[in-house]
Every structure is written in C-alpha cells, then in structure tokens.
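In what follows, a structure is listed as structure tokens, so that the remarks can point back to it.
In my numbering, the protein residues as written are 63 to 155.
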C-alpha cells in the first residue's frame with residue numbers, strides 16, 4: 063500500500079511516516095518553533111539589501127548598513143549585512 067502511494071504522490075515513505083507521527087503528536091504537520099534569536103531583517107529588508115548590493119557592487123557593509131537604516135529603518139550589525147550578502151551568493155565587502 064505505501065509503495066503504491068509513495069510512487070503515485072512522489073514522496074518517500076519515511077517522509078509520510080514522519081508527518082503522520084508528527085500529526086499524532088502535535089495535531090499538525092507544521093514545523094515546530096525553533097530556538098534561537100528572531101531574525102532582525104524581514105524579506106523586504108533582505109530584498110532591499112540584495113538589490114542595492116547588486117546595483118552598487120563596491121558598496122561596503124558599513125555603507126549598506128547605513129542605507130538600510132536610512133531607507134528601511136532597520137538597525138543591523140555589519141556582520142548581519144555580510145551574512146545576508148553571503149546567503150545571496152554575493153561577496154561581503
């Protein structure tokens with residue numbers, strides 16, 4: 063039964079088993095909240111950083127930090143800027 067279902071849906075049986083187990087335990091299949099600090103930037107902040115960094119290839123992390131604060135009102139560290147640039151596949155400057 064699982065094999066037919068697995069092939070027709072395209073999901074491995076271990077994934078289905080894990081989701082069923084999670085649903086039995088929590089009543090939902092959503093991911094549980096993770097520990098750690100909440101993100102400082104939202105999607106719009108990240109998109110602004112990415113766009114600005116692509117248009118201004120030689121902008122430093124300090125300049126990007128200042129622009130994000132001026133335009134979006136979001137205060138972040140230079141390291142956060144570098145982390146976001148790295149995630150976008152851009153070089154941190």
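For glycine and all other residues, C-beta sits at the position ideal for the given N, C-alpha and C.
According to the DSSP assignment, residue 112 belongs to the alpha helix (DSSP H) that extends over 105-117. Of all alpha-carbon atoms in 85, 148, 86, the one lying nearest the alpha-carbon of residue 115 is that of 148. Taking the C-beta atoms as reference points, residue 104 is found no nearer than 8 Å to residue 130. Around residue 112, the same chain offers 150 as residues with beta carbons nearer than 6 Å, after the five sequence neighbours per side are excluded. With respect to the 8 Å criterion, residue 122 and residue 155 are classified as neighbours on the basis of their beta carbons.
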